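Novice: Take this structure first; my questions come after.
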Amino acid sequence: MAVNQEELMETIENMTVLELSELVKALEERFGVSATAVAAGAPAGAPAADGAAAAEEEQTEFDVVINDGGAKKIQVIKEVRGATGLGLKEAKALVDEAPNPVKEGLSKEDAEALKAKLEEAGATIELK
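So the sequence shown is numbered by this note's numbering: it starts at 8 and just counts up by one.
Next comes the structure, spelled out in structure tokens:
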């Protein structure tokens, strides 16, 4: 029984949700695959995390988020400018409108170093 792609698509379009669900289960069993959704932002083929602990262990990129500029905002703004290359106005807005991400997608070492610099300047920082 040869079915062309167009006929197959029409058949699927006319299926109910229950029929589609049963089809997916049958395909998973027949071909030994899983149709689990990949989390938004994760690259295709990346394993889905099975909980917070798994996500913590697998995390390789970190975001440095400023929660509060602290009492020495000028020092914090200087550090933010040095780390990001932002102008004075943009860096001040980032600090004043906290919480805001300072830098995203850093390695653990780089994120920890930036966190230490900003905390030393007086900011409250969180790594995500």
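For every residue, glycine included, the Cβ atom is placed at its ideal position computed from N, Cα and C.
The model shown is predicted, which means the values in this text are computed figures rather than measured ones.
(1) When we look at the beta-carbon of Phe69 and count the other beta-carbons within 10 Å, is it buried (16 or more) or exposed?
(2) Which residues in the same chain have their Cβ closer than 8 angstroms to the Cβ of Ile19, if we skip the five residues on either side of it in sequence?
(3) In chain order, what are the residue ranges of uninterrupted beta strand (DSSP E) at least 3 long that sit wholly in the region 100-131?
(4) On the criterion of 16 or more Cβ atoms from any shown chain inside 10 Å, does Lys122 qualify as buried, or is it exposed?
(5) Return helix, strand or coil for Val24, following the three-state DSSP convention.
(6) The beta strand (DSSP E) spanning Val87 covers which residue range?
(7) So if DSSP puts Ile7 in a beta bridge, which residue, or which two residues, is it bridged to?
(8) Please check if any C-beta of chain C sits within less than 8 angstroms of the C-beta of Val31.
(9) Just the C-alpha distance for Gly135 and Leu113, rounded to the nearest angstrom, thanks.
Specialist: With the structure as the only source:
(1) buried
(2) Leu27, Leu30
(3) 107-113
(4) buried
(5) helix
(6) Careful: Val87 lies outside any beta strand (DSSP E), inside the alpha helix (DSSP H) at 80-91.
(7) Because the chain is modelled from 8 through 135, residue 7 falls outside the range shown and cannot be assessed.
(8) Protein chains in the displayed structure number just one, and chain C is not present.
(9) Per the sequence shown, residue 135 should be read as Lys rather than Gly. Answer to the nearest angstrom: the Cα atoms are 10 angstroms apart.
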